[in-house]
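Undergrad: According to numbering that gives the first Met the number 0, the sequence shown holds residues 0 to 316 in order.
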Amino acid sequence: MKIGNDIQHAAQLLQAGTAVAIPTETVYGLAANAFDPEAVIRIFEIKQRPKFNPLIVHISNWEMLDKVATEMHPQLKNLATVFWPGPLTILLHKKPIIHDIVTAGSEMVAVRMPNHAVTLQLLNALDFPLAAPSANLFGSISPTTAKHVEAQLGNQLAYILDGGDCAIGVESTIIKLDENEKIVILRPGGISQEAIAQIVGYVPAIASSTDNPEAPGMLKSHYAPKIPLVIGNITALLNQREELSISILSFNKTYNHPKIIKAIDLSPSGDLHEAARNLFTAMHELEDSGAAIILTELLPNKGIGMAINDRLSRAAS
Ligand code: TXA
Ligand code: MG
Numbered sequence: 000m001k002i003g004n005d006i007q008h009a010a011q012l013l014q015a016g017t018a019v020a021i022p023t024e025t026v027y028g029l030a031a032n033a034f035d036p037e038a039v040i041r042i043f044e045i046k047q048r049p050k051f052n053p054l055i056v057h058i059s060n061w062e063m064l065d066k067v068a069t070e071m072h073p074q075l076k077n078l079a080t081v082f083w084p085g086p087l088t089i090l091l092h093k094k095p096i097i098h099d100i101v102t103a104g105s106e107m108v109a110v111r112m113p114n115h116a117v118t119l120q121l122l123n124a125l126d127f128p129l130a131a132p133s134a135n136l137f138g139s140i141s142p143t144t145a146k147h148v149e150a151q152l153g154n155q156l157a158y159i160l161d162g163g164d165c166a167i168g169v170e171s172t173i174i175k176l177d178e179n180e181k182i183v184i185l186r187p188g189g190i191s192q193e194a195i196a197q198i199v200g201y202v203p204a205i206a207s208s209t210d211n212p213e214a215p216g217m218l219k220s221h222y223a224p225k226i227p228l229v230i231g232n233i234t235a236l237l238n239q240r241e242e243l244s245i246s247i248l249s250f251n252k253t254y255n256h257p258k259i260i261k262a263i264d265l266s267p268s269g270d271l272h273e274a275a276r277n278l279f280t281a282m283h284e285l286e287d288s289g290a291a292i293i294l295t296e297l298l299p300n301k302g303i304g305m306a307i308n309d310r311l312s313r314a315a316s
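(1) By how many angstroms is the C-alpha of Pro142 removed from the C-alpha of Val101?
(2) What would DSSP say about Asp210, mapped onto helix, strand or coil?
(3) Can you look up Asn4 in the DSSP assignment and give me helix, strand or coil?
(4) Can you tell me whether Pro113 sits near the ligand TXA, meaning its C-beta is under 8 Å from at least one heavy atom of the ligand?
(5) Regarding Val108 and the ligand TXA, is the C-beta to nearest heavy atom distance less than 8 Å?
(6) So the candidates are Phe250, Ile21, Asp309; which of them puts its Cα closest to the Cα of Pro187?
(7) Starting from His92, follow its DSSP beta bridges and name the residues at the other end.
(8) Whose C-beta lies closer than 7 Å to the C-beta of His283 among residues of the same chain, with five residues either side of it excluded?
(9) To the nearest angstrom, how far is it from the Cα of Leu297 to the Cα of Phe34?
(10) DSSP state of Asn300, grouped into three classes?
(11) Is the beta carbon of Leu265 less than 9 Å from the beta carbon of Ala274?
(12) When a residue counts only if its C-beta is closer than 6 Å to some heavy atom of the ligand MG, which residues count, in chain order?
(13) Enumerate in chain order the residues of its own chain whose CB-to-CB distance from Ile182 is below 7 Å, with the five nearest sequence positions on each side excluded.
(14) For the beta strand (DSSP E) containing Thr183, name the first residue and the last one.
(15) Thinking Lys258 and Ser244 are a contact (beta carbons under 8 Å), I'd like their distance in whole angstroms, please.
(16) Cβ of Ile173 versus every heavy atom of the ligand TXA: is any distance shorter than 8 Å?
(17) Taking one C-beta from the segment 60 to 80 and one from the segment 149 to 162 each time, how about it: are there three or more such pairs within less than 8 Å?
(18) CB Leu152 to CB Asn179, shorter than 9 Å?
(19) Measure the CB-CB distance between His98 and Pro36 and report whether it falls below 9 Å.
(20) Just to confirm, does Gly162 get its C-beta within under 8 Å of one of the non-hydrogen atoms of the ligand TXA?
(21) Taking only heavy atoms of the ligand TXA into account, decide whether any of them is closer than 8 Å to the Cβ of Leu136.
(22) Can Pro22 and Gly16 be called in contact, C-beta distance under 9 Å?
(23) Alpha carbon to alpha carbon, how far is Ala20 from Ala30? Give it in angstroms, no decimals.
(24) Hey, would you say Pro49 sits closer than 9 Å to Ser105, going by beta carbons?
(25) Using a Cβ-based criterion (distance less than 8 Å to any ligand heavy atom), does Thr17 qualify as near the ligand TXA?
(26) Whole angstroms are fine: how far does the CA of Ser249 sit from the CA of Glu62?
(27) Under the assumption that Phe127 contacts Asn32 (Cβ atoms under 8 Å), give the Cβ distance between them as a whole number of angstroms.
(28) Looking only at its own chain, which residues have a Cβ that is under 7 Å from the Cβ of Ser59, when we skip the five neighbours before and after it?
(29) In chain order, what residues of the same chain have a beta carbon less than 7 Å from the beta carbon of His272, not counting five sequence neighbours either side?
(30) Between which two residues does the alpha helix (DSSP H) harbouring Ile195 extend?
(31) Run through DSSP, which three-state label would Asn317 get?
(32) Determine the direct distance from the alpha carbon of Ile89 to that of Ser312, and round the result to whole angstroms.
(33) How about Thr295 and Leu228: do their beta carbons lie closer than 9 Å?
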C-alpha cells in the first residue's frame, strides 16, 4: 500500500533515510531527515530540483527550533508566536547542524511549524526536523491531495502519508528581516500581508519576483501547467484567441462560449479562502482537460488573493 495514514510507518521510513510525502495545511511536502544530507539529496533527485534551490525545515516545537537556528529577532519571534503552527516560513541564521545542501550554501535557514495534526504527530515521533519542498516535479503545479502527489511522483516514492485535502491550498508566506530590521515578504502565501501588518505595526514590503532572485525558488516561471495559461479579461480573450478548445479558470463568475470545453469557478460565492483551497486542484484538472489553453483572470489583490495572483502570474510566465 503506497498511500496510507500510518504515521508509524512514515516515521520508520524517515528514520531509515527514505523520503516520504507528507500532508501540511498548505500543500503536500516531500520530506526527509533535515540532519541527514544523504536523505536530503534524495529529495532533489526525486523532484529533479536544482541544488541551488534551498528547502524549508519543518519543526513541531520550540526545542527543535533551538537546534536548527540561532535566537530570533523579537519581531520574528512575535510573528512565530502568533502564527505557528501555520503557513508562515521564517528565514533565520542557521546552526552548524544544518548542512549546506539544505540551505543551498546560505547562512540562513527557512523554518516553519506546519499546522496539520498528522504531520505534527509525525514530527513529534522523530528526533530530527523534516526538510521538505512541495511534493511536485520542479516547476510544475503543487499538490494539495495525496492523489496529486501520486500522479507526479508515485512511482518514485516508498510512501505517501495521506492527510486529506490541504485546508489552505497555497504555500506558506516566506518572510525575512532586512538590514533595516523591517519584515520583507519573499513569497506571498497563506498568511496575508495585512495579518502581518497587524502584528508588526507597519505594512511589510513584498520583494518583487525576478529571474535572478535572492531566494532562487522565487523564480518567475513556476507552477506551470502543461498547456499555456493566459491572464487577462476573459471575455476579451475568448474573442481574440485562435485556439479552438479553451478552458476557463474564473473567480466568482461564469462564461459562455462555444470554444469552452471545461470551466472552473474557484469560488462561486466570491470567497478568497475557498478559491485558494481550490486553486491547484483546478489547475491540475484544467491542464488535463484536453483544451489547448487556459484563460484566467486575476482575483482581488488582498488577503490570500495576493498569494493566488502570485501563483497565477508565475504559472503564466
Ligand atoms: O507551504 C510551504 O511552504 C510548502 C510546505 C510543504 O511546507 N513548502 C514549499 O516548499 O513550498 P518549496 O520548496 O516548494 O518552496 C520553498 C521556497 C523556495 O522558493 C526556496 O527558494 C525558499 O523557500 N527557501 C527555502 N530555504 C531558503 C533559504 N535558506 N533562503 C531563501 N529562500 C529559501
Ligand atoms: Mg514548490
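Cβ coordinates follow ideal geometry from the N, Cα and C atoms, glycine included. The model shown is predicted, which means the values in this text are computed figures rather than measured ones.
TA: A quick look at the data gives this:
(1) Within the sequence shown, the letter at position 102 stands for residue 101. Within the sequence shown, the letter at position 143 stands for residue 142. Taking the straight line joining both Cα atoms gives about 21 Å.
(2) Taking the sequence shown and counting its residues from 1, the one referred to as residue 210 is at position 211. Bear in mind that a pLDDT of 47 at Asp210, under 50, signals an unreliable position, so the number given afterwards is only what the model happens to contain. Asp210 falls in the coil class under three-state DSSP.
(3) Translated into the one-based positions of the sequence shown, residue 4 becomes position 5. DSSP, read as helix, strand or coil, puts Asn4 in coil.
(4) Here residue 113 refers to the residue found at position 114 when the sequence shown is read from its first residue. Yes, the ligand TXA has a heavy atom inside 8 Å of this Cβ.
(5) Taking the first residue of the sequence shown as 1, we reach residue 108 at position 109. Indeed, a heavy atom of the ligand TXA lies less than 8 Å from the Cβ.
(6) The residue labelled residue 187 in the question sits at position 188 within the sequence shown. Nearest to Pro187 by C-alpha distance, out of Phe250, Ile21, Asp309, is Asp309.
(7) By one-based count along the sequence shown, residue 92 stands at place 93. Met107.
(8) If you number the sequence shown from 1, residue 283 lands on position 284. Around His283: Ile140, His147.
(9) The residue you call residue 297 lines up with position 298 of the sequence shown. The residue you call residue 34 lines up with position 35 of the sequence shown. Rounded to the nearest angstrom, the two C-alpha atoms are 40 Å apart.
(10) Numbered from its first residue, the sequence shown carries residue 300 at position 301. In this structure, DSSP gives Asn300 a state outside helix and strand, which the three-state scheme calls coil.
(11) Position 266 of the sequence shown, counted from the start, is the residue given in the question as residue 265. Position 275 of the sequence shown, counted from the start, is the residue given in the question as residue 274. Going by C-beta atoms, Leu265 is nearer than 9 Å to Ala274.
(12) Pro132, Ser133, Ser141
(13) Taking the sequence shown and counting its residues from 1, one reaches residue 182 at position 183. Result list for Ile182: Gln74, Ile174, Leu176, Ile195, Val199, Pro203, in chain order.
(14) Translated into positions along the sequence shown, residue 183 becomes position 184. With the sequence shown as reference, residue 183 is identified as Val, and Thr is not the correct amino acid for it. Val183 -> beta strand (DSSP E) spans 182 to 186.
(15) Counted from its first residue, the sequence shown places residue 258 at position 259. Counted from its first residue, the sequence shown places residue 244 at position 245. Right, their Cβ atoms sit about 6 Å apart.
(16) Position 174 of the sequence shown, counted from the first residue, corresponds to residue 173. Within the cutoff, so yes.
(17) no
(18) Indexing the sequence shown from 1 puts residue 152 at position 153. Indexing the sequence shown from 1 puts residue 179 at position 180. The answer is no: Cβ separation not under 9 Å.
(19) Residue mapping note: residue 98 aligns to position 99 of the sequence shown, counting from 1. Residue mapping note: residue 36 aligns to position 37 of the sequence shown, counting from 1. Cβ atoms of His98 and Pro36: closer than 9 Å.
(20) On the sequence shown, position 163 is the one that residue 162 refers to. No - the ligand TXA has no heavy atom lying nearer than 8 Å to the Cβ of Gly162.
(21) Your numbering for residue 136 matches position 137 in the sequence shown. Checking every heavy atom of the ligand TXA against the Cβ of Leu136, none is found closer than 8 Å.
(22) The residue you call residue 22 lines up with position 23 of the sequence shown. The residue you call residue 16 lines up with position 17 of the sequence shown. No, the Cβ-Cβ distance between Pro22 and Gly16 is not below 9 Å.
(23) For the purposes of this step, residue 30 is identified with residue 31 of the sequence shown, where counting begins at 1. For the purposes of this step, residue 20 is identified with residue 21 of the sequence shown, where counting begins at 1. Roughly 6 Å between the two C-alpha positions.
(24) Reading the sequence shown from its first residue, position 50 is the one you call residue 49. Reading the sequence shown from its first residue, position 106 is the one you call residue 105. Using a Cβ distance threshold of 9 Å, Pro49 and Ser105 do not count as a contacting pair.
(25) To locate residue 17, count along the sequence shown from 1; it is residue 18. Outside the cutoff, so no.
(26) For the purposes of this step, residue 62 is identified with residue 63 of the sequence shown, where counting begins at 1. For the purposes of this step, residue 249 is identified with residue 250 of the sequence shown, where counting begins at 1. Their Cα atoms are separated by approximately 44 Å.
(27) Working through the sequence shown from its first residue, we reach residue 127 at position 128. Working through the sequence shown from its first residue, we reach residue 32 at position 33. That pair is a contact at about 5 Å.
(28) Counting from 1 along the sequence shown, the entry for residue 59 is found at position 60. The residues are Met112, Leu119, Leu122, Asn123.
(29) One-based indexing of the sequence shown puts residue 272 at position 273. So the list reads Ile303, once near-sequence residues are dropped.
(30) To locate residue 195, count along the sequence shown from 1; it is residue 196. Element bounds for Ile195: 192 to 199.
(31) As displayed, the chain neither begins before 0 nor continues past 316, which places residue 317 out of reach and without an answer.
(32) As a position in the sequence shown, residue 312 is number 313, starting the count at 1. As a position in the sequence shown, residue 89 is number 90, starting the count at 1. Roughly 23 Å between the two C-alpha positions.
(33) The residue you call residue 295 lines up with position 296 of the sequence shown. The residue you call residue 228 lines up with position 229 of the sequence shown. In contact: Thr295 and Leu228 (Cβ atoms closer than 9 Å).
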